[in-house]
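>
In our numbering, the protein residues as written are 15 to 114.
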């Protein structure tokens with residue numbers, strides 16, 4: 015999207031006559047690129063699994079163990095036994111997002 019917007023703006027600026035048209039398009043492009051950059055930064059931050067683990071899980075599950083409840087580790091066997099919903103993608107995602 016950003017590449018397409020930039021391509022349209024710069025190719026139109028070369029063809030367009032008048033400084034006001036070019037300046038208006040550049041201002042619009044600047045706002046569009048800034049908005050897209052902020053959105054991409056937020057998306058990139060939300061997808062960082064290390065950060066999510068450290069924030070939501072790391073205090074109790076350092077090294078895959080459990081500092082609070084013995085046996086409630088991050089192993090498949092423990093998750094099948096203790097995780098609400100068992101060993102499946104939805105249950106694990108829910109736990110990561112919401113914690114205990």
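Where is the CB? At the ideal position from N, CA and C, for every residue including glycine.
Tell me whether residue 70 sits in a helix, a strand or coil according to DSSP, three-state version.
It is helical.
> Residue 99 by DSSP, collapsed to three states: which one?
Coil, per DSSP.
> For residue 63 and residue 96, what's the separation of their Cα atoms in angstroms?
Computed Cα separation, rounded: 22 Å.
> Checking 7 Å against the spacing of the C-beta atoms, do residue 80 and residue 87 come in under that value?
Result yes, Cβ atoms of residue 80 and residue 87 sit closer than 7 Å.
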